[in-house]
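Residue numbers (full-length UniProt numbering): 1 to 386.
A virtual CB, placed ideally from N, CA and C, is assigned to each residue, including glycine.
A quick note: this is a predicted structure, and the numbers were derived from the prediction, not measured.
Data first, discussion second: the structure below is written as structure tokens.
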């Protein structure tokens with residue numbers, strides 16, 4: 001071709017484009033990388049490189065999948081897949097029959113760690129506080145009236161019950177109705193919680209057919225016995241009547257004597273709950289999350305006494321969880337009347353009235369001073385009604 005005619009096409013120039021001068025060290029763009037320089041010359045070159053790498057990657061994936069399919073088909077024998085790789089463990093296969101005597105020996109020797117010597121004084125203090133609490137509440141009940149609902153566990157400390165519609169009734173009775181009040185007693189203030197009395201802490205689990213072979217005792221007493229508390233001959237001659245004791249001539253007590261008994265009862269209540277909380281940190285206790293059955297021991301019993309499913313004609317097994325102090329010593333929260341409240345608590349003001357544990361309310365009405373931790377629950381400075 002002549003100098004004035006069109007230039008011949010060059011494949012190298014078509015792909016890379018026209019030559020671009022490479023920046024020197026004296027120019028501001030001297031730190032550009034080689035990839036940016038090639039991309040600046042021609043985006044077509046960069047796209048060709050990227051498509052080539054993608055093609056190589058897809059071919060590798062296809063080869064790997066074909067190899068895996070060939071290995072899978074070659075390892076299939078009589079319908080059972082024989083894996084080419086097996087899992088290896090650090091030790092040989094163990095025979096549980098040889099380990100069974102060792103496991104049983106460890107379980108038997110575990111009982112040597114109990115009772116814990118440092119918790120024996122705590123258990124003894126809990127037993128003494130429980131005895132003082134039962135005696136003090138029995139004495140105060142002869143002076144102060146306590147009302148209990150006929151159809152539900154509701155309790156009220158006062159001469160007349162409230163008219164707050166919170167009665168849950170029994171199975172075929174309407175809900176949220178006014179309570180029907182009767183005279184209450186000791187079990188209405190201190191809810192009884194019983195458990196099976198075990199011969200020793202780590203004995204065999206109680207079966208359903210063995211439920212009548214074990215005595216039922218208060219759960220707190222059973223916890224203290226397992227903790228090593230010595231309560232005389234209470235192991236053999238305990239009875240519910242032995243707990244019900246009061247001061248003779250309680251009706252003729254002076255106001256100062258009544259305040260002293262109420263303060264001692266409230267102190268025994270606090271010592272009892274604090275001691276049980278300490279014992280539960282060391283000794284295991286279980287409670288059913290559906291029916292509040294308590295078992296003091298490392299594992300719950302297997303007596304089918306729960307009855308969670310109403311449609312069943314029989315009762316089922318319990319669903320155990322770890323017990324806390326409220327499960328063994330229920331606080332029994334009740335409504336309380338403050339000086340600014342009406343004589344009879346009305347249903348319209350239920351959102352303004354205070355609450356308190358039954359023992360605390362009984363002792364405060366007798367003249368004792370409630371601990372400060374109950375003030376928020378009691379709503380001492382709250383308004384009566386709108």
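Each of 165, 117, 322, 200 was checked against the Cα of residue 335, and the nearest Cα belongs to 165.
Per DSSP, the unbroken alpha helix (DSSP H) holding residue 123 starts and ends at 120–140. The beta carbon of residue 207 sits closer than 6 Å to those of 302, all from its chain and outside the five residues before and after it, given in chain order. Counted as a single uninterrupted DSSP element, the stretch harbouring residue 143 is not any beta strand (DSSP E), since DSSP gives it neither H nor E. With contacts defined by Cβ atoms closer than 9 Å, residue 343 and residue 297 do not form a contacting pair. Residue 218: not part of any alpha helix (DSSP H); member of the beta strand (DSSP E) spanning 216–218, first to last residue.
Counted as a single uninterrupted DSSP element, the beta strand (DSSP E) harbouring residue 287 occupies residues 285–288. In this structure residue 220 is buried. Its beta-carbon is surrounded by 16 or more other beta-carbon atoms within 10 angstroms. In the three-state DSSP reduction, residue 318 falls in the coil class, being neither helix nor strand. Judged by their CB atoms, residue 325 and residue 276 are nearer to each other than the 9 Å cut-off.
For residue 369, there is no enclosing alpha helix (DSSP H), since its DSSP letter is neither H nor E. The beta carbon of residue 379 sits closer than 6 Å to the beta carbons of 354 from its chain, once the five residues preceding and following it are set aside; these are given in chain order.
Here residue 155 really is in contact with residue 358; their C-beta atoms are around 5 Å apart, less than 8 Å. Per DSSP, residue 275 is one residue of the alpha helix (DSSP H) stretching across 255–280. In the three-state scheme derived from DSSP, where H, G and I count as helix and E and B as strand, residue 301 is classed as coil. Bridge pairing for residue 356: 334 [DSSP]. A direct Cα-Cα distance of roughly 48 Å separates residue 267 from residue 102. Within the same chain, and ignoring the five residues on either side of residue 251 in sequence, the residues whose Cβ sits closer than 8 Å to its Cβ are 142, 143.
Beta-bridge analysis with DSSP links residue 183 to 147. Sixteen is the threshold: when 16 or more other Cβ atoms of the shown chains lie within 10 Å of the Cβ of residue 318, as they do, the residue is buried. Taking all protein chains in view, the Cβ of residue 183 is surrounded by fewer than 16 other Cβ atoms within 10 Å, so the residue is classified as exposed. Residue nearest to residue 337 within the set 321, 377, 320 is 377 (criterion: CA-CA distance).
With contacts defined by Cβ atoms closer than 9 Å, residue 320 and residue 289 form a contacting pair. By the criterion of a C-beta distance shorter than 7 Å, residue 368 is surrounded in its chain by 259, 262, 263, 266, once the five residues flanking it on both sides are discounted. By the Cβ-count criterion, residue 180 is exposed, with fewer than 16 other Cβ atoms from all chains shown falling within 10 Å of its own Cβ. In the structure shown, residue 159 adopts coil according to DSSP, grouped into three states. Taking 9 Å as the cut-off, the Cβ atoms of residue 279 and residue 146 do not count as close. Distances from the alpha-carbon of residue 364 to those of 140, 135, 162 put 140 closest. Remark: C-beta atoms of residue 329 and residue 193 approach each other more closely than 9 Å. Collapsing the DSSP output to three states places residue 196 in a strand.
The secondary-structure analysis by DSSP pairs residue 177 across a beta bridge with 167. Less than 9 Å divides the Cβ of residue 272 from the Cβ of residue 133. Ranked by how close their Cα comes to the Cα of residue 150, the residues 167, 189, 160 have 167 in first place. Measuring C-alpha to C-alpha distances from residue 332 to each of 60, 131, 189 identifies 189 as the nearest.
About 20 Å separates the Cβ atoms of residue 196 and residue 110, ruling out a contact at the 8 Å cut-off.
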